[in-house]
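Visitor: Those letters in the sequence shown? Residues 685 to 1617, by my numbering.
Just so you know, even glycine gets a beta-carbon here, dropped at the ideal spot from N, CA and C.
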Amino acid sequence: MSDKGDVDEPAVSEMSPSEDDSLMLCQEDEEMEPEEGDDSSSELDSEDDDEAEKEKIRCLEEQILSYPYTYAPHLDLIRALRQAGELERLRAARQYMSEIFPLTEELWLEWLKDEVSLATEDDRERIEKLFDKAVSDYLAVDVWLEYVQYAIGGMGSPNGISHVRAIFDRAVTEVGLHVVKGANIWDAYREFENAILAGLEPEEADSGKPNPAYIEQKSRLVSLFKRQLTVPLLGIKDTYAELKEWFPELASDKTFQQIYQQTLSKLEKLKPFEKELAATDEYYAKMEAYYKYIEYELSLDDPARIQCIYERAITHGYLNAELWLQYTRYLDTKLPIKKVVLAAYERSVRNCPWKAELWGRYILAMERHKEPDVKITDLYEQAINSGFTEPTDFLHVYTVFCDYKRRRIDWTKEYKEELADFRATIQKAIHSLKTFFGDFRGDPSSLQQYWASIEVRHCKNIEKARELWNSIMTQGHGAESHMWMEYFQMEKAYGNAKNCRKVLQRALNSVTDWPQGIVDAYLQFEREEGTLEDYEISLNKCTAQLQRLQQRQALAKEKEQMMKEQKRLNDRNIKKVVRKPIGSHERPGDSSTTTKRKLHEQQQVNITDKDGFKIPVVPALVGEVSPRQHDPEGPTSAKKVKTVTDKPPPGFTPKFESSKQDRTVFVSNISYDLDEDNLEEIFSKCGEIVQIRLVQNYKGKSKGYAYVEFKSTNSLEKALKMDREMIEGRPIFVSKCEDRSVTKTHQFKFSTNLEKNKLFIKGLPFSCTKDDLEKIFKEHGTVKDVRLVTYRNGAPKGLAYVEYEDPSDATKAILKTDGLTMGEHTISVSISNPPSRKSPMNRRSSSSTSTFTPTLGGGKKESEVRGKARTMVSLVPRALQRTKATSSSSSNGNSSVNDQSSNNCSAKEATSSLSSSSSGMSNDDFRKMLLKR
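1. Report yes if the C-beta distance between Arg1347 and Leu1400 is below 8 Å; otherwise report no.
2. So, do the region 1129–1138 and the region 1101–1120 have three or more beta carbon pairs nearer to each other than 8 Å?
3. Rounded to the nearest angstrom, what separates Arg778 and Thr964 at their Cα positions?
4. So, using beta-carbon positions, are Ala1494 and Leu1443 closer together than 8 Å?
5. Can you tell me whether Gln912 is buried or exposed, with buried defined as 16 or more other CB within 10 angstroms of its CB?
6. Following the continuous alpha helix (DSSP H) through Phe957, name the residue where it begins and the one where it ends.
7. So what's Ala1484 in DSSP terms, helix, strand or just coil?
8. Could you pull the DSSP bridge partners for Val1470 from this structure?
9. According to DSSP, is Tyr1391 helix, strand or coil?
10. Just the Cα atoms here: how many angstroms apart are Ser1032 and Leu1188?
11. Compare the C-alpha of Trp795 against each of Asp806, Leu823 and Leu759 and name the closest.
12. Along the chain, where does the alpha helix (DSSP H) that runs through Lys910 open and close?
13. Would Glu712 be called buried (16 or more neighbouring beta carbons within 10 Å of its own) or exposed?
14. Kindly provide the ranges of any alpha helix (DSSP H) runs that are 4 or more residues long and lie completely inside the region 1017–1093, ordered along the chain.
15. Just the C-alpha distance for Val1392 and Tyr1356, rounded to the nearest angstrom, thanks.
16. Please report how far the alpha carbon of Lys1097 lies from the alpha carbon of Leu1103, in whole angstroms.
17. So which of His1053, Thr1505 and Ser1514 has the shortest CA-CA distance to Leu1499?
18. Quick check on Glu887: does DSSP put it in helix, strand or coil?
19. Is it buried or exposed, Met1050, if we count other Cβ atoms within 10 angstroms and call 16 or more buried?
20. Using 8 Å as the threshold, is the C-beta distance between Leu744 and Ala764 below it?
21. Quick check on the burial criterion: 16 or more other C-beta atoms within 10 angstroms. Buried or exposed for Asp807?
22. How would you call His1000, buried or exposed, if buried means at least 16 neighbouring beta carbons within 10 angstroms?
23. Would Val1351 and Tyr1382 be called neighbours here (beta carbons separated by less than 8 Å)?
24. What does DSSP give as the partner residue(s) for Val1513 in the beta ladder?
25. Can you give me the start and stop residues for the alpha helix (DSSP H) that Thr1348 sits inside?
26. Three-state secondary structure (DSSP) at Ser1590?
27. When burial is assigned at 16 or more other CB atoms within 10 Å of the CB, is Thr1017 buried or exposed?
28. Using the C-alpha atoms, what's the distance from Thr1474 back to Arg1414?
29. Let me know if Ala997 comes out buried or exposed under the rule of 16 or more other beta-carbons within 10 Å of its beta-carbon.
30. Just the C-alpha distance for Tyr1082 and Ala867, rounded to the nearest angstrom, thanks.
31. Which one or two residues does DSSP pair with Pro1415 in a beta bridge?
32. For the alpha helix (DSSP H) that Leu1358 lies in, which residues bound it at each end?
33. Going by DSSP, name the residue or residues bridged to Arg675.
34. Pull up the CB-CB distance for Thr1466 and Tyr1488, whole angstroms please, since I reckon it's below 8 Å.
35. Quick one: measure Cβ to Cβ for Ala1163 and Asp1204, integer angstroms, because I've assumed they're closer than 8 Å.
36. Helix, strand or coil for Ser1571 per DSSP?
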């Protein structure tokens, strides 16, 4: 499918069918001939192979019959039948696949060469029809070359030359503008015309006058040269050199020279785009290059060249539905030729049958070009059966087709048949949505509103419209105020006051999202249409309903607060259980209990000197064994003291060793249940471990961080890649071991600048996983990494980052996913651009002047003015507070106002004002006042 370079195909065999068949028979005889001494095994093996091949073909045929729109089984079946030599079944398989899918250039060439090699003169018409079908799928220069070569072989028939010329003209029109490969078809055309010219004499044999046929053929060849020289193609210099050789007088013509120079100038501008296309075979890079190429051609506004570059892009990105939409939209506006437009739409839905918008636009195009109703209805049926999975896709096609059926009704004439057709169509669409997706997910309300509008406006059938609206309200829209308002507006325009009042009363008792709107509409209606009694009744109902809704909201809020408080208490109790001292749950035989008991017993041993004085025993270090406890020979023994363990004692903090820095990592946020053995099991996949030092408190409980020393520096890099890996439900943080005594600038792991290829997502449900996000966002491009943001305990924050390889994919993903609903959450998607970390949070946005209070898991609290913490209790006696307050108030001119304001002040404000007073008292004054002296 690539456009780079020419493809050299093997020459078509000129062997006759009989010779070919005899050769195949000879080969089969050679293969079937058994070796000496092996009379039965080869026959059995051959039979087994044949049976296996037949079974494979049968399975593939059944699979295609069950799932015809699966691409791979078609290819496998064609290969198997071709290898088995099943010609008729092979033709049928290829024909069936071509009806469902457009075939690639390679598949068509293989099929055509097989058919041409076996064809006779009687099959020529069938083969040419096959060629016509092949060149209609994609822009394929090599298929056109095969087509013209096959047509030249039948030139001996009547009108053979004109027939070949007609095919060549079609070829240069379709693919002659291809900058890279177009010269091939032009050269073949010129060689054909030159061969005819070579067979003609310049003068007539009898009269010696110039031969008119020769002059006409020469003129045709010159015209062909001139046409080719106006097209910017690679190899145009060779074409001009050939013109100089054949027709030197034309090459020196100023007109030809001017045309040639203009074409060269155009080619130079196109070469950068062609080089960019040829530089890569990666799909997204190539599509990006094609988009740039298309944009450039659109700026020149040459429809033929624009159509050519679109066809080239589609040959590479034939599954790109957005590209098809862009191409067909251009044809609809700039090249509204029926044959061109409808052919493009037909190919688009064969390539991308899942795109509902393409089907809808295809239906509109057929209506625009006056296609009969039978064809449009057949197309609609194809669209519905094309395999949509989302109700929105079905709804889109249903709506477009119902619009078409509605436009067929001429309300000024007899429309009974057309109206019945419209009603049947829309009723069937509503029923299908309800049946396959249910009332909630299918949501046919838009079609029902549409139908109700037609019934009440054109058919004056208010009863049918009310039936449809009542059905809408029972399908999950009863709580939505805007739906009731539309129902009310219909009754107000076409119904009567009685039914309007009923609709508003029902809405008042049902709406929960915006009841005030219904209340206002109800009261306004009674002011305009009702009596005083009606207005008072409506006022009482509205007031009572609003009070009930407020009570419900208050209860719901209170219940929510209670649940939050209960959750907070449960979390705190869980933390208490986890942090409970180990000593309170010691079991007999625990290492810590045994160590304490041994130390205690050791201290109770009485040792006396020769005079009878007691000698205190030096306590044994943790990690050592007392010599007196375990060595009967006493301390004078020459035996060495044995170490119980290499683990550091509780509360011991390892010192930094620069010699081990390049092979030691620091691991933090470790689950408190993990020990050295667990850590060794986790990090052993990175390389050989020399030592693991888990830091513990004085009670021997893990502090949640450790040092892992490897034997090799290569293991360090592997360990660093485990940073933020979830272990026991918590993300572990792995970093290089560095000296804390040396002040270093904190290096954040991730970039804090604008990253155009990275998206920031917020508002995610806490149940969302990395796989869920990857599944959503990989539909819009190649995803490089997905990172969920969590608290230190592993709980999700509802935030994530998605990194794409290509920034353009990130931009496309924003348009498609921003505002997407996941469960009950609506996510927000934007380009990653974190605010500066140097400024306080309240100053990161110029539009906000309020202080910033971080949520759970936030960092240091920053505010404009530093307030008092809970522990900052005012130590000023109350008597002194009252005295100061009185004196402060009496010092102002209006004492009554100040007294009132002081009563309204909070205790915090009073304390703050006293603290800022310039007058003060000594300690002795306080003492006397407290003792009432």
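Guide: In short:
1. yes
2. yes
3. 32 Å
4. yes
5. buried
6. Note, Phe957: alpha helix (DSSP H), Lys938 to Ala962.
7. strand
8. Val1486
9. strand
10. 49 Å
11. Leu759
12. Pro896 to Leu913
13. Residue confidence is low: Glu712 scores 39 on pLDDT, short of 50, so the model does not pin down where it sits. Its coordinate-derived value is still stated next. Exposed, because fewer than 16 other Cβ atoms sit within 10 Å of the Cβ of Glu712.
14. 1022–1035, 1040–1052, 1057–1068 and 1075–1091
15. 16 Å
16. Straight-line spacing of the CA atoms in Lys1097 and Leu1103 works out to 12 Å.
17. Ser1514
18. strand
19. buried
20. yes
21. Asp807 is exposed by the Cβ-count criterion.
22. Its Cβ being crowded by 16 or more others within 10 Å, His1000 is buried.
23. no
24. Ile1445
25. Taken as a continuous stretch (DSSP letters only), Thr1348 belongs to no alpha helix (DSSP H), being part of the beta strand (DSSP E) at Thr1348 to Ser1352.
26. Unreliable placement is indicated for Ser1590, whose pLDDT of 39 sits below 50; the coordinate value is still reported in the next sentence. Looking at Ser1590 - three-state DSSP - the assignment turns out to be coil, as it is neither helix nor strand.
27. exposed
28. Each residue's Cα considered, the two are about 9 Å apart.
29. Answer is buried; the Cβ neighbour count reaches 16.
30. 47 Å
31. Met1410
32. Counting along the chain, Leu1358 falls outside any alpha helix (DSSP H), and DSSP gives it neither H nor E.
33. Absent from the structure is residue 675, since the part of the chain shown begins at 685 and ends at 1617.
34. 7 Å
35. Actually they are not in contact, since the Cβ atoms of Ala1163 and Asp1204 sit about 18 Å apart, beyond 8 Å.
36. A caution first: Ser1571 carries a pLDDT of 42, below 50, which makes its placement in the model unreliable, though a value can still be read off. In this structure, Ser1571 counts as helix in the three-state DSSP scheme.
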